[in-house]
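511 is the number of the first residue of the sequence shown in my numbering; add one for each residue after it.
C-beta: ideal position from N, C-alpha, C; glycine also.
One structure is given below, encoded as structure tokens.
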Amino acid sequence: MTREYQGIPVSDGIAIARAVVLRPAEIQPDPTPIQPEQAQAELAAFAAALEAAREQIQALYDSTCRRLGEERAEIFSAHLSVLEDPVLEETIQDKITQDHRSAVCAIAQGVEEIAAMFQGLQDPYLQERAADIRDVGRRILENAAGVPRVELSSLEEDSVVIARDLTPSETVTMDLSHTMGFVTELGGRTSHTAILSRSLEIPAVVGVSGLLDHIAGGDTVILDALEGRLLVDPTDDQVEDYRRRQSEFLAQRQALNALRDLPAQTRDGRVFSLCANIGGPGDVASAHKYGAEGVGLYRTEFLYMNNTHFPTEEEQFEAYRVVAAEMGKDRPVIIRTLDIGGDKELPYFQFDQEDNPFLGWRAIRMCLDREDVFKTQLRAILRASIFGKLLIMFPMIISLEEFQQAKALLETCKEELRAEGKSFDENIQTGIMVETPAAVMMADVLARHVDFFSIGTNDLTQYTLAVDRGNTRIAHRYDPLHPAVLRAIERVIQASHAAGKWTGMCGEFAGDPRATVLLAGMGLDEFSMTASSIPKIKQLLRSLDCTAARTLAKQALAASSVTEVRELLNLN
Ligand code: PEP
Ligand code: MG
């Protein structure tokens, strides 16, 4: 009998193959207290396990660098930095000396404590760091317990790999020539498995809870990573049906890839600019792969969040320089200055408890109060600006004064750099994210001062509709197709054009195929999205007639409800 399981699809595609099930060896730490005189020996055992882990990870780093390049190996430098963290080492040592635990028990408990602490943080990116800590911790534990590691580096036949949670080191060392898909019980959209599978274009579904209890190695499976479904022991008819869907999917992907070097031009000749949203230098390859004409949003906060301290000017300069250089002079990169606070926390900086963090001390508000932090970033961006074409964008602006204060600090940084004899792009452009109703209402005023707008619909929708973007209970009310949001978007575009400026969009709405016709009809100039969404949006734009899009947009703007907008778009 076919069994069906549901999870979260994180990388498109369909795979039909045998299941390889990864069940890590059980290590049962003995909680019996040790005698105080045994502590030295247990400390030494821990030190040896730690050192062995360091050597293994270094070797993985070196070999991955050689095979797949430095970028793919980055995960292992992150692992080495977990090992460098004195808190982990001291926590485990304390458990041996003060709680009288064996090395194995102290490692298991210490690692779990620290990982759970990260997992308990609100920010999804810091939560995912818990996976790194558990991965490194597991390695130390296996070394201490003398248990060999399960390796996936050579698979005998085409396989769908099924695991509780694939660790980053497992995914990197995996025999990819035979890996047709991934399924995990744990993980979310931003987990390493998800990110890696997308960049390798391997279908993946995560979050299938309890799966390992119901599946055996060798079972035939169909992985439908378009719908997030796993079929175990499918019927012949199902296999046939999915083979057909698989070839359709591959043909469609090929057709989209063929658009890579064609312009996003409508049938009647209007050309739009399609750009990528990135989180760091690691995403530039994907931007190129999908033919991005630039970066419409570089979310710099990751450099701050995946760190142990506020990144130095040099650290930031290096990241921005790499992105600028790899995109080149013809592909502009919009760097968004630090957008932290709200739901984004920092491991090394305590934000005060706030009743309404989304309305609180976040983004530009924090930066204007912490000039030291802000100026460090502005200096780094300016210095990197000569390596490509950089633009600066300030988030969460609600008033002209905020923009002017930010610009004044930028001017101070320019003067400092001139005095130090350091070069930068004197004509660097500055713009703002329009993500607050205040910025929408003041768009005509702001447009006279900025070089460009970029509409952040993720926040603009939440603030316009007063619907928390992370609250699942009211998620059905969070809808950028609401005429109020559409009217806000239109107003901003009109205001910018009246002042001779351009407007982009870097919220998720820009990459939403349902919105393309409306946004084109409203005259949005630039669409910025996850790079892999670019081909689909380009295909839609190329099939559009701008005059018809304008008429439809007008009707949507005159609609009295979301339902009416949906009806116009044939979505109901
Ligand atoms: C937005 O608010 O639309 C946006 C792009 O910013 P973020 O999602 O990072 O808040
Ligand atoms: Mg935002």
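Annotation: G620 to T601 spans about 6 Å, alpha carbon to alpha carbon. Counting along the chain, no beta strand (DSSP E) covers F913; the unbroken alpha helix (DSSP H) around it starts and ends at 910-929.
Assignment of G838 by DSSP, reduced to helix, strand and coil, places it in the coil class. Excluding sequence positions up to five before and after G1017, its CB lies within less than 7 Å of the CB of I965, G966, T967, N968, L970, all in the same chain and listed in chain order.
Checking the 7 Å criterion, the Cβ of E514 is out of range of every heavy atom belonging to the ligand PEP.
With fewer than 16 other beta carbons inside 10 angstroms of its own, R777 counts as exposed. Shortest gap from the CB of N1082 to any heavy atom of the ligand PEP: 7 Å or more. Distance from the C-beta of D1022 to the nearest heavy atom of the ligand MG is not below 7 Å.
Taking C-beta atoms as the reference points, E552 and A613 count as a pair closer than 8 Å.
Linking L721 to Q603 through their CA atoms gives a straight-line distance of about 36 Å. Taking C-beta atoms as the reference points, A554 and T607 fail to come closer than 8 Å. Restricting attention to beta strand (DSSP E) runs no shorter than 3 residues, the stretch 644-725 encloses them at 669-673, 689-694, 714-716, ordered along the chain. A direct Cα-to-Cα measurement between L784 and I1044 gives close to 7 Å. Set against 7 Å, the gap from the CB of N968 to the closest heavy atom of the ligand MG is smaller. Between K1011 and V960, the alpha-carbon positions lie close to 8 Å from each other. By the Cβ neighbour-count rule, N653 is buried, with 16 or more other Cβ atoms within 10 Å of its own.
Within the same chain, D849, R872, A873, I874, R875, M943, E945, T946, D969 come within 8 Å of M906 by CB-CB distance, once the 5 residues on both sides are set aside. As DSSP reads the structure, L1054 sits in no beta bridge. Of all C-beta pairs linking the stretch 893-907 to the stretch 929-940, three or more are shorter than 8 Å, placing the two stretches in contact. In the three-state reduction of the DSSP assignment, N767 falls in the helix class, which pools H, G and I. Nearest neighbour of D989 by Cα position, chosen from L686, L532, E1000, R1024, turns out to be R1024. Check the Cα spacing between E926 and each of A1058, R889, E680, E1036: the tightest is with R889. Distance from the Cα of I643 is smallest, within the candidate group D668, A569, A563, P539, for A563. By the Cβ neighbour-count rule, K1048 is buried, with 16 or more other Cβ atoms within 10 Å of its own. In terms of CA proximity to P867, G852 leads the group M951, G852, H724.
Annotation: L651 to L901 spans about 47 Å, alpha carbon to alpha carbon.
Taking all protein chains shown into account, N816 has 16 or more neighbouring C-beta atoms within 10 Å of its C-beta and is therefore buried. Residue pairing of R739 in beta bridges, as defined by DSSP: Q516, D734.
In terms of Cβ geometry, L733 and I518 do not form a close pair [threshold 8 Å]. At a cut-off of 7 Å, the beta-carbon of E945 counts as near the ligand MG: some heavy atom of the ligand is closer than that. Where Q545 is concerned, there is no enclosing alpha helix (DSSP H), because DSSP gives it neither an H nor an E. Here V597 is exposed, its C-beta having fewer than 16 other C-beta atoms within 10 Å. Taking C-alpha positions only, T683 is separated from L662 by approximately 7 Å. For G620, the enclosing alpha helix (DSSP H) starts and ends at 613-629.
Secondary structure note for M815: its alpha helix (DSSP H) is the uninterrupted segment 811-815.
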